Amino acid sequence: MKVLVVGSGGREHALCWKIRQSPSCTRLYCAPGNPGVATVADRVDIAADDIQGLVRFAVAEKIDLTVIGPEAPLCAGIVDEFEKQKRLCFGPNKLAAEIEGSKAFARELCRRHRIPGPDFWTFEDHLLARSFLDNREDGPIVVKASGLAAGKGVAVCKNSEEAKVAAAECLEKGRFGKSGATVVFEEFLEGTELSLITLTDGHTIVPLEPARDHKAVRDGDQGPNTGGMGVVTPVPVMPRMAQQVESQIVFPTVHAMNREGRRYRGFLYSGLMLTTQGPRVLEYNCRLGDPETQPLLLRLRSDLLPLLLATAEGKLETQNAPEWDPRVAVCVIACSAGYPGDCKTGVPIFGLDRVATGDDLQVFHSGTAQRGGDLVTAGGRVLAVTALGADVAAARKRAYDALRSVEFAGMHYRNDIGLRA
Ligand code: AMP
Ligand code: GLY
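The numbering of the sequence shown is this note's numbering, which starts it at -8 and goes up by one.
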């Protein structure tokens, strides 16, 4: 089977690494990929948002399955364009991807179908948003740009004053462009966060293992939100809570999408807050998480490719449940100076040759580039070390020991990934 993976981050490197191991994969391409991807797949110089270019490539090369990593092409309707050319493409179509593309839509979907989430209020008008904040009882509140913002469009605010600043960034200053033209204010929820990704073809629902992301840039969950600084999986979840997540959130969401004529095929990522009142939806993503994918795929023992193919064909019921390595995986991201703000790129990366990779440790590239013979930084999140261990402490030790061999000017990472697990 000829496979094309679309995207250029750590998630796509991990996807390519895993798909490459499948006995049914005869040829693997990645567009556009990165230098890490190049060790396991053939890179194709087409951008992830060049939908027509990707369709033309898939038709010309007779690609059997195209797997979309990032949200932007999914929300722009890449799956629909592949379908028009009768080429199989893994991921939700445009209507279904709106579950991530519009936080306002996702919130209203939950309200319509009684899926538990925070109270929320949406605004497009800056003065109305301000007056809402003036007239509420002061206290913490969460402000979100409704559209896609690479994980940076959410501000957890201590009070209405902070919320006014965050709302103004979206509605007045246009910081997130069209993505911030609608803002969603949300009730601030307290509890423990959990990411649960499920594979679904709209009928059969296969949960992956629960994971915990660390969104804030600094240790102790301090500083602004990022796309994710590190992940631990699995995380212990009380059986009653796990059952509620399934019966109150995951199943009802897939069914709600069906009922609204938005049949969902692909990975559905539910970002959850486990509160004393039960689980609540913080957000949905229409794809695998980055970096959740890296530790999940290091633990996945089953062949991923038949699961992806069956999902895209709407035949997920034919597949056995995936098997997992029982060990714990910890993934730690190394970032450029300045991330999640503007960062300097083109900085040489040293020491990767000192890291012994294997079945229980991998380095997946996110924002790297080749310049002459050198590997240099090319983005905010640069690379991630993912390691397995008998317990969290052992996995943490292996991951951090390896990360300490790597260096680039301005490199920073969180030291507490997995510590709370
Ligand atoms: P999101 O991208 O919507 O998941 O938000 C990013 C992060 O902001 C989450 O991982 C939470 O840490 C925090 N957050 C989002 N929504 C809420 C909420 N309603 N209450 C408390 N924290 C939240
Ligand atoms: N790591 C969170 C995300 O992929 O959205």
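In this text, a Cβ means the ideal position worked out from N, Cα and C, and glycines have one as well.
Only a predicted model underlies this, so the values are computations on that prediction, with no experimental measurement involved.
Distance, Cα to Cα, Gly60 vs Asp192?
When rounded, the distance between both Cα atoms is 17 Å.
Using 8 Å as the threshold, is the C-beta distance between Val(-3) and Val58 below it?
Going by C-beta atoms, Val(-3) is nearer than 8 Å to Val58.
Run the proximity test for Met220: is its beta-carbon closer than 7 Å to any non-hydrogen atom belonging to the ligand AMP?
Met220 Cβ: outside cutoff for every heavy atom of the ligand AMP.
Relative to the alpha-carbon of Pro227, which residue among Gly409, Lys306, Leu291, Arg345 has its alpha-carbon at the smallest distance?
The shortest C-alpha separation from Pro227 is found at Gly409.
Which residues share a DSSP beta bridge with Thr191?
Thr191 is bridged to Ile196, Gly257.
Roughly how many angstroms separate the alpha carbons of Asp212 and Val272, rounded to a whole number?
Computed Cα separation, rounded: 19 Å.
On a CA-only basis, which of Ala63, Gly364, Asn126 is nearest Phe341? Give me that one, please.
Considering only alpha carbons, the answer is Gly364.
Do Leu298 and Leu190 count as a contact pair if the criterion is CB distance below 8 Å?
Taking 8 Å as the Cβ cut-off, Leu190 and Leu298 qualify as a contacting pair.
Where does Ser15 land, buried or exposed, given buried means 16+ other C-beta within 10 angstroms?
Ser15 comes out exposed.
Figure out for me which residue from Leu379, Gly168, Asn216 has the closest Cα to the Cα of Gly332.
Comparing Cα positions, the closest option is Asn216.
Taking Cβ positions, are Asn150 and Gly168 nearer each other than 8 Å?
For Asn150 and Gly168, no; Cβs fall outside 8 Å.
Using the Cα positions of Leu259 and Gly280, report the straight-line distance between them to the nearest angstrom.
Whole-angstrom Cα-Cα distance: 10 Å.
Counting only runs of 4+ residues fully inside the region 288 to 321, write out the alpha helix (DSSP H) ranges in chain order.
Entirely contained in the region 288 to 321, the alpha helix (DSSP H) runs reaching 4 residues are, in chain order, 295 to 304.
Alpha carbon to alpha carbon, how far is Gly221 from Lys206? Give it in angstroms, no decimals.
Taking the straight line joining both Cα atoms gives about 8 Å.
CA-CA distance, Thr224 and Leu118?
Thr224 and Leu118: Cα-Cα distance of roughly 43 Å.
Under 7 Å from any heavy atom of the ligand GTP, does the C-beta of Leu379 make it?
Of the ligands this structure carries, namely the ligand AMP and the ligand GLY, none is the ligand GTP.
In chain order, what residues of the same chain have a beta carbon less than 8 Å from the beta carbon of Val(-6), not counting five sequence neighbours either side?
Once the five neighbours on either side are set aside, the close Cβ partners of Val(-6) are Ile10, Cys16, Arg18, Leu19, Tyr20, Ile54, Asp55, Leu56, Thr57, Val58, Leu296.
To the nearest angstrom, report how far apart Ser396 and Glu74 are at their CA atoms.
Cα-Cα distance, rounded: 45 Å.
In this structure, how does DSSP classify Lys155 when only helix, strand and coil are distinguished?
Three-state result, Lys155: helix.
Measuring only from the beta carbon, is Val147 closer than 7 Å to any heavy atom that is part of the ligand AMP?
At least one heavy atom of the ligand AMP is nearer than 7 Å to the Cβ of Val147, so yes.
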